[in-house]
(Lines of atoms letter the chains of each structure in order from A and count residues from 1; the text may use other names and numbers.)
(Lines give C-alpha, C1' and ligand atoms only; values in the text may rest on other atoms or scores of the structure.)
Protein backbone atom coordinates (compact mmCIF):
# COMPACT_ATOMS: atom_id res chain seq x y z
CA UNK A 1 0.00 0.00 0.00
CA UNK A 2 1.60 3.32 -1.06
CA UNK A 3 2.01 6.01 1.56
CA UNK A 4 0.05 9.23 1.31
CA UNK A 5 2.06 12.43 0.88
CA UNK A 6 2.87 14.25 4.10
CA UNK A 7 0.52 17.07 5.04
CA UNK A 8 1.36 19.72 7.65
CA UNK A 9 -0.23 19.01 11.02
CA UNK A 10 -1.05 15.40 10.19
CA UNK A 11 0.34 12.77 12.56
CA UNK A 12 1.19 9.09 12.28
CA UNK A 13 1.65 6.34 14.80
CA UNK A 14 4.98 4.54 15.10
CA UNK A 15 5.99 1.67 17.35
CA UNK A 16 8.87 1.90 19.80
CA UNK A 17 10.13 -0.68 22.28
CA UNK A 18 8.45 -0.18 25.66
CA UNK A 19 11.80 -0.02 27.47
CA UNK A 20 12.85 2.89 25.25
CA UNK A 21 9.59 4.75 25.86
CA UNK A 22 9.94 4.19 29.62
CA UNK A 23 13.52 5.46 29.60
CA UNK A 24 12.48 8.59 27.72
CA UNK A 25 9.52 9.16 30.04
CA UNK A 26 11.82 8.92 33.08
CA UNK A 27 14.10 11.60 31.66
CA UNK A 28 11.23 13.97 30.87
CA UNK A 29 10.31 14.66 34.49
CA UNK A 30 11.01 18.32 35.15
CA UNK A 31 11.60 19.12 31.48
CA UNK A 32 9.63 21.36 29.14
CA UNK A 33 8.33 18.37 27.19
CA UNK A 34 4.74 17.39 27.92
CA UNK A 35 4.98 13.89 26.47
CA UNK A 36 7.26 11.25 24.99
CA UNK A 37 5.67 12.01 21.61
CA UNK A 38 6.65 15.70 21.86
CA UNK A 39 10.21 14.80 22.82
CA UNK A 40 10.66 12.25 20.03
CA UNK A 41 9.19 14.65 17.45
CA UNK A 42 11.57 17.40 18.65
CA UNK A 43 14.64 15.16 18.48
CA UNK A 44 13.81 13.83 15.02
CA UNK A 45 13.09 17.33 13.70
CA UNK A 46 16.46 18.52 15.04
CA UNK A 47 18.24 15.65 13.31
CA UNK A 48 16.51 16.46 10.02
CA UNK A 49 17.35 20.18 10.30
CA UNK A 50 21.04 19.44 9.78
CA UNK A 51 21.41 18.11 6.23
CA UNK A 52 24.87 16.93 5.37
CA UNK A 53 25.92 16.81 9.01
CA UNK A 54 26.28 13.33 10.43
CA UNK A 55 23.99 13.16 13.48
CA UNK A 56 26.05 10.33 14.98
CA UNK A 57 29.74 9.56 15.21
CA UNK A 58 31.00 6.31 13.71
CA UNK A 59 31.14 4.87 17.22
CA UNK A 60 27.54 5.96 17.91
CA UNK A 61 26.39 4.43 14.64
CA UNK A 62 28.22 1.16 15.40
CA UNK A 63 26.55 1.03 18.85
CA UNK A 64 23.11 1.79 17.37
CA UNK A 65 23.50 -0.90 14.73
CA UNK A 66 24.53 -3.47 17.37
CA UNK A 67 21.57 -2.47 19.56
CA UNK A 68 19.09 -2.67 16.66
CA UNK A 69 20.53 -6.06 15.69
CA UNK A 70 20.20 -7.36 19.29
CA UNK A 71 16.56 -6.24 19.33
CA UNK A 72 15.90 -8.04 16.06
CA UNK A 73 15.20 -4.94 13.95
CA UNK A 74 18.06 -5.57 11.52
CA UNK A 75 20.08 -8.61 10.44
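Residue numbers (this note's numbering): 286 to 360. Ideal placement from N, C-alpha and C gives every residue a C-beta, glycine not left out.
Sub-9 Å separation of residue i and residue j beta-carbons
i: residue 301; j: residue 325; result: yes
i: residue 347; j: residue 359; result: no
i: residue 320; j: residue 329; result: no
Which of helix, strand or coil DSSP assigns to residue i
i: residue 356; result: coil
i: residue 318; result: coil
i: residue 345; result: helix
Segments of 4+ residues assigned as alpha helix (DSSP H) that fall wholly inside the region 289–313: 303–313
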